[in-house]
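Top to bottom, those sequences are chains L and B.
Letter by letter, the first sequence follows residues 1 to 152 in our numbering.
Letter by letter, the second sequence follows residues 153 to 304 in our numbering.
The beta-carbon is built from N, C-alpha and C at its ideal position, and this holds for glycine as well.
Number of protein chains: 2
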Amino acid sequence: MKLEQAIQSTKFKNETHKAGLNILYTAWWLKTSFSQALKEYGLTHEQYNVLRILKGKHPEQMCVRDIACRMIEKSSNVPRIVDRLEIKKLVKRSVSSFDKRETMIQLTAAGLLLLEVTTKKADELFDSQLCVTDEEAKQLNELLEKLRQKEV
Amino acid sequence: MKLEQAIQSTKFKNETHKAGLNILYTAWWLKTSFSQALKEYGLTHEQYNVLRILKGKHPEQMCVRDIACRMIEKSSNVPRIVDRLEIKKLVKRSVSSFDKRETMIQLTAAGLLLLEVTTKKADELFDSQLCVTDEEAKQLNELLEKLRQKEV
DNA sequence: TCAAATTATATGTATGTACATGTATTAGTT
DNA sequence: AACTAATACATGTACATACATATAATTTGA
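This is the structure in structure tokens:
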């Protein structure tokens, strides 16, 4: 669907302005299909993101701060997301012996198992939903990174 | 900043997968700078979006449903956003005489004024933050729309 | 014409975001 | 060593999202 149809608007200030809205809309669309796919496993897409990050270090633990700085949405409130994962026994919290201020998070066996299943689903979704060639994806990545040049 | 630095991850399944994450990250970044700019006016970026949509029809009114289907994030809860705008006297609610189920929303003079000031700020932000040429923006729009081809 | 289905909006709940503040621990300075 | 600053995390609050349900008005169709 064209952006014009999606947000029922035909006039944009310029192509750059339209690109901004197009990125926001595409991100919403992507998050939504993603969340949809995870729903049957009782995971939100942020919870999935945290599990994925933990997997990267598994079986080592990670502290909350290290998880936070790997999140796509930097202002995510990791302790709260971990709360929910802990209730579902997908992760375990413990106090760091190295620095007692740190809370160390570790995937449980259940978490690891659920992650394997959902990762398969999620990867399939990415492959089937995102209709660009490898070359186009590369181009898209370059454009997005150029666009973000002034990032602070 | 490259995506790799932003989310401290170097391995991606493929370029398409990376593009997906890149879109999500760029959208977060954009929303954040945007919200930052609106903060001094006491508006959230969703509230601004609703005001913008209302402006499109001003001085006519719009019903909640019409606003909703123009939102970038379709699952936004428009009645609740309108609640907050109404408290700040930026919009006015009234029951439609045409169909009493409908709630008609209209910008107030205060809303219109605030919108003018914030629109200027927002447009400046878009122009200064999004570092792409007109040609690149056009390319980006095409790629995003190709990517979303399978949209339902 | 009237009961049933549909529609428009409001509202409840769980989760997440954005930001401020509180608490415990560690690091740094003198 | 003791005081101060910084750090890591938890938690409170306001707003937003995602989805389910409630309520009232309108439309449909038997």
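Cα-Cα separation, residue i to residue j
{"i": "Met223(B)", "j": "Glu60(L)", "result": "43 Å"}
{"i": "Met214(B)", "j": "Lys39(L)", "result": "34 Å"}
{"i": "Glu268(B)", "j": "Ser9(L)", "result": "19 Å"}
{"i": "Leu158(L)", "j": "Ala158(B)", "result": "Any answer about residue 158(L) is impossible in this case: the structure gives chain L only from 1 up to 152."}
{"i": "Leu21(L)", "j": "Lys183(B)", "result": "10 Å"}
{"i": "Ala261(B)", "j": "Gln199(B)", "result": "16 Å"}
{"i": "Gln258(B)", "j": "Thr133(L)", "result": "45 Å"}
{"i": "Trp29(L)", "j": "Leu265(B)", "result": "32 Å"}
{"i": "Glu73(L)", "j": "Ala179(B)", "result": "9 Å"}
{"i": "Lys150(L)", "j": "Ala289(B)", "result": "16 Å"}
{"i": "Ser128(L)", "j": "Lys165(B)", "result": "14 Å"}
{"i": "Ser228(B)", "j": "Arg65(L)", "result": "30 Å"}
{"i": "Glu4(L)", "j": "Gly263(B)", "result": "25 Å"}
{"i": "Leu242(B)", "j": "Glu15(L)", "result": "30 Å"}
{"i": "Asp123(L)", "j": "Gly56(L)", "result": "16 Å"}
{"i": "Ser246(B)", "j": "Arg300(B)", "result": "37 Å"}
{"i": "Val304(B)", "j": "Glu102(L)", "result": "44 Å"}
{"i": "Lys121(L)", "j": "Glu86(L)", "result": "22 Å"}
{"i": "His210(B)", "j": "Lys163(B)", "result": "49 Å"}
{"i": "Met256(B)", "j": "Glu135(L)", "result": "47 Å"}
{"i": "Lys146(L)", "j": "Ile233(B)", "result": "33 Å"}
{"i": "His17(L)", "j": "His169(B)", "result": "25 Å"}
Residues near residue i in its chain [Cβ-Cβ closer than 8 Å; skip 5 each side]
{"i": "Leu125(L)", "result": "Ser33, Phe34, Ala37"}
{"i": "His197(B)", "result": "Lys183, Phe186, Ser187, Leu190"}
{"i": "Gly42(L)", "result": "Lys88"}
{"i": "Lys154(B)", "result": "none"}
Chain-order list of residues whose beta-carbon lies under 6 Å from that of residue i (same chain, five-residue window excluded)
{"i": "Ile53(L)", "result": "Ile67, Arg70"}
{"i": "Lys92(L)", "result": "Gln106, Thr108"}
Proximal residues to residue i (C-beta, below 7 Å), its chain only, five neighbours per side dropped
{"i": "Asp83(L)", "result": "none"}
{"i": "Thr118(L)", "result": "Leu38, Tyr41, Leu43, Tyr48"}
{"i": "Pro231(B)", "result": "Val216"}
Anticipated Cβ contact below 8 Å, residue i with residue j, distance rounded
{"i": "Ala19(L)", "j": "Leu282(B)", "result": "7 Å"}
Near the ligand NAP: residue i beta-carbon under 6 Å from a heavy atom
{"i": "Cys131(L)", "result": "This structure does not include the ligand NAP; it has no bound ligands of any sort."}
(message) Beta carbons nearer than 8 Å to chain B: which residues of the stretch 65–78 of chain L have them?
(response) Listed by position along the chain: Cys69, Arg70, Met71, Ile72, Glu73, Lys74, Ser75.
(request) Flag this pair as touching only if the stretch 132–142 of chain L and the stretch 98–117 of chain L have three or more C-beta atom pairs under 8 Å; answer yes or no. (result) no
(message) Under 9 Å, CB to CB, which of the residues in the stretch 167–201 of chain B have a partner in chain L?
(response) Against chain L - using a Cβ distance shorter than 9 Å - the residues of the stretch 167–201 of chain B are Glu167, Thr168, His169, Lys170, Ala171, Gly172, Leu173, Asn174, Ile175, Leu176, Tyr177, Thr178, Ala179, Trp180, Trp181, Leu182, Lys183, Thr184, Ser185, Phe186.
(request) Closer than 9 Å, Cβ to Cβ, to anything on chain L: give me those residues from the stretch 265–298 of chain B, in chain order. (result) Of all residues in the stretch 265–298 of chain B, those with a C-beta nearer than 9 Å to a C-beta of chain L are Asp275, Phe278, Asp279, Ser280, Gln281, Leu282, Cys283, Val284, Thr285, Asp286, Glu287, Glu288, Ala289, Lys290, Gln291, Leu292, Asn293, Leu295, Leu296, Glu297, Lys298, reading in chain order.
(request) Please name the residues in the stretch 238–266 of chain B whose beta-carbon is closer than 8 Å to at least one beta-carbon of chain L, in chain order. (result) none
(request) Using a Cβ-Cβ cut-off of less than 7 Å, give me the residues of the stretch 203–217 of chain B that come near chain L, in sequence order. (result) none
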